[in-house]
Every structure is written in structure tokens, then in C-alpha cells.
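Engineer: Position in the sequence shown counted from 1, then plus 42, gives you the numbering used here.
Don't be surprised by glycine CBs; every beta carbon is placed ideally from N, CA and C.
No experiment lies behind these values; they were computed from the predicted model shown.
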Amino acid sequence: MIDSRSSQDSTAVTDDLIHPTAVIDPQAQLAADVKVGPYTIIGADVVIESGTEIKGHVVIQGPTRIGRNNRIFQFASVGEECQDLKFHGEPTVLEIGDNNVIREGCTIHRGTIQDNSLTRIGSSNLLMAYVHVAHDCMIGSNNILANNATLAGHVKVGDGVILGGFTTVHQFCVIGSYSMSAAHTAIFKDVPAFVMVSGNPAEPHGMNFEGMRRRGYSKELIRNLRNCYKTIYRQGLKTAEAIDRLESMEEGPELQLLIDSLKASTRGIAR
């Protein structure tokens, strides 16, 4: 149980951490060191853990669970009801991990009972200004979503992904780990791990080799992944045939990650 306080506590709206104009529901639970800026509204059934800072003019509705050391900037709307017309006020949840930065004007909605009643954001993500995360999205960790990137409902994003500004992702798409999109990309199909896409509709344009170098991948590993890309996209193979070819290659966690992202696709991959 966190060391929490609520607006019922005598010090909750008078100490230096919570601005006197903030409105915090008595049922909200905030760790003792959470900072809350002016005119922020925090609703019932919101739990915010230690080290998190909420700037001014933020609205957080519950049920929402926010982990440690997050920073949420002004005018963000977090944990609001979703825009799905099938939603009728069911008790769904938003979960946010640790060390995330959620910039100005971001909108993050709770899930729906048509899926798992849950929207989840992992840890150490950067959501730049005006990013939208719709209902039932599942986002991993260490991702960067640039300004105005928009995820429709039920989208899954792996780890280490970079989505360029104004990228739009169609509902139910899966974005594989360490992939990347250029600005203004429209994604209607799944994106395999490590692959870079751009355009409307999104098309593959190689792999995120610079990202691989920054993560310390060896030249041999990068060369092997380059050959994997050629197998998927340059040999005229169907996806199932490419998977069979990849599974015959030398094993490794990176190759397996790529294969798993291909196997997980239900919408077909961007081509």
C-alpha cells in the first residue's frame, strides 16, 4: 500500500506540493510526495505513486493507476472515458507504469469491455505533445511517440518504437519492437520488429539500423537482420514462406523477436 493522502487530509491542499486550486476527489490516493499543479482535477479511484509530478490544468479520471516518477504536463487528459460508441460507462481501467513523460495536450483513454477492459502504458515512454492513445491500447516501454501521433483503439506497440510526428495507426494494428515510422505515416497493417515504414499507406523502407547501432548491436548481427529484411521483402515470398525461411537461419533473440512479430500479425504486414 502506498503512503497516500487524499483531499480529506488536513494537509492535502495546504502543503507546498499540491496547489490550493487543485481539485482532488476524496477517494483518490496520492503518495505523500506527489506534486499537483494549479487547476488540476483528479477524480475518484485514481492512484498515483511516489515521485510523480502533475502539472497545471491536467484532468485525471479513474479507475486509473499511475506508477512512480512520471511527469504529466499541462492540459493532458488521462483516464477519460473512451470515444467508442459501444462504451456505456462500464468500469474499465487505465494503467501507466514508471518514469513516463506525458507532454502537453495528450489524451489517454481507458479500455472497453469489448477487449480486456484495460488500456496499459509501460515505463520510460515519451509521449510528446498532443499524442492520442485510444481505448484498449497496449504500449510497452522505452517508446517515443512524437507530436500528434495517434493510436486508434486496440493498437499494440512493442518496446523501443519511434513513431514520427502525425503518424496515425489504424485500430487493431501491431507495431513491433524497435520499429520506426516517418512523420505523417498512415499505418493500416502490422509493422514487423525493427522495420522502418513511411507513407500513406505505410510501406517498408529498410530497417532501423541506426537504432541497432545505438543499442550496441554488432556488425554481424546487423548484417544478419539486413538479410532477414531481404528475405521478407525482396524475394517475393508470402509471409508464411518468409517465416519458414527465417526459422531455418541461425537462432538468436533478435531474430526470434522478428519472427514472433510476423507470426503475431493478424492484419497482414506493411508491404
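Please state the DSSP three-state secondary structure of SER303.
Structural biologist: As a working note, residue 303 is residue 261 in the sequence shown. In this structure, SER303 counts as helix in the three-state DSSP scheme.
Engineer: Does the stretch 217–235 come close enough to the stretch 195–204 that 3 or more CB-CB pairs lie under 8 Å?
Structural biologist: Yes, since at least three Cβ pairs between the stretch 195–204 and the stretch 217–235 fall closer than 8 Å, the two stretches touch.
Engineer: Using DSSP's beta-bridge definition, name the partner residues of SER221.
Structural biologist: For the purposes of this step, residue 221 is taken as residue 179 along the sequence shown, with counting starting at 1. Paired residues: none, contrary to the question.
Engineer: Can the beta-carbon of LEU299 be found less than 8 Å from the beta-carbon of LEU288?
Structural biologist: The count along the sequence shown starts at 1 and reaches residue 299 at position 257. The count along the sequence shown starts at 1 and reaches residue 288 at position 246. Not in contact: LEU299 and LEU288 (Cβ atoms no closer than 8 Å).
Engineer: Would you identify the three-state DSSP class for PRO234, choosing helix, strand or coil?
Structural biologist: Residue numbering aside, residue 234 sits at position 192 when the sequence shown is read from its first letter. In the structure shown, PRO234 sits in coil (DSSP, three-state: anything other than H, G, I, E or B).
Engineer: Use the C-beta contact count for THR308: other C-beta atoms within 10 angstroms, 16 or more gives buried, fewer gives exposed.
Structural biologist: By 1-based counting over the sequence shown, the position of residue 308 is 266. By the 10 Å Cβ count, THR308 comes out exposed.
Engineer: Can you list, in chain order, the residues of its chain whose CB lies under 6 Å from that of GLY317, leaving out five sequence neighbours each side?
Structural biologist: Summary: the structure shown does not reach residue 317, with the chain confined to residues 43 through 313, and so no result is reported for it.
Engineer: So is LYS128 buried or exposed if we call it buried at 16+ other beta carbons inside 10 Å?
Structural biologist: Start at 1 with the first residue of the sequence shown, and residue 128 comes out as number 86. Exposed: under 16 other Cβ atoms inside 10 Å.
Engineer: What's the C-alpha gap between ALA70 and GLY258?
Structural biologist: For this step, residue 70 is matched to residue 28 along the sequence shown. For this step, residue 258 is matched to residue 216 along the sequence shown. C-alpha separation (whole angstroms): 43 Å.
Engineer: Just the C-alpha distance for GLY248 and ARG276, rounded to the nearest angstrom, thanks.
Structural biologist: For the purposes of this step, residue 248 is taken as the residue at position 206 of the sequence shown. For the purposes of this step, residue 276 is taken as the residue at position 234 of the sequence shown. Their backbone Cα atoms lie some 11 Å apart in a straight line.
Engineer: If you scan the stretch 240–311 from start to end, which runs of the beta strand (DSSP E) of 3 or more residues do you find wholly inside it?
Structural biologist: Counting only runs of 3 or more, we get 245–249.
Engineer: How far does the beta strand (DSSP E) with ALA73 in it extend, from its first residue to its last?
Structural biologist: Numbered from its first residue, the sequence shown carries residue 73 at position 31. Start and end: 71–73.
Engineer: Would you say VAL135 reaches chain D, if we count a Cβ-Cβ gap shorter than 8 Å as a contact?
Structural biologist: No chain D is present in this structure, which holds just one protein chain.
Engineer: State buried or exposed for ILE155, treating a residue as buried only when at least 16 other CB atoms are found within 10 Å of its CB.
Structural biologist: Here residue 155 is taken as the residue at index 113 of the sequence shown, counted from 1. Label assigned to ILE155: exposed.
Engineer: Whose CA, out of PRO105, GLY131 and ALA118, lies closest to the CA of GLY79?
Structural biologist: As a position in the sequence shown, residue 79 is number 37, starting the count at 1. Per the Cα distances, ALA118.
Engineer: Bridge partners for LEU193 per DSSP, in chain order?
Structural biologist: Taking the sequence shown and counting its residues from 1, one reaches residue 193 at position 151. LEU193 is bridged to VAL175 and VAL211.
Engineer: Taking buried to mean at least 16 other C-beta atoms within 10 Å of its own C-beta, is ALA282 buried or exposed?
Structural biologist: On the sequence shown, residue 282 is found 240 positions in, with the first residue counted as 1. That one is exposed.
Engineer: Counting only the same chain and skipping the five closest in sequence on each side, list residues whose C-beta sits under 6 Å from that of ASN167.
Structural biologist: Residue numbering aside, residue 167 sits at position 125 when the sequence shown is read from its first letter. So the list reads ASN142 and ASN185, once near-sequence residues are dropped.
Engineer: Over the uninterrupted beta strand (DSSP E) stretch that includes VAL135, give me the two end residues.
Structural biologist: The count along the sequence shown starts at 1 and reaches residue 135 at position 93. Per DSSP, VAL135 belongs to the beta strand (DSSP E) from 135–138.
Engineer: Please determine, among ARG256, PHE251, ALA86 and SER290, the residue with the shortest C-alpha to C-alpha distance to ARG265.
Structural biologist: Mapped onto the sequence shown, residue 265 falls at position 223. It is PHE251 whose Cα lies nearest to the Cα of ARG265.
Engineer: Three-state secondary structure (DSSP) at ALA86?
Structural biologist: Position 44 of the sequence shown, counting from 1, holds the residue named residue 86. ALA86: coil per DSSP, three-state reduction.
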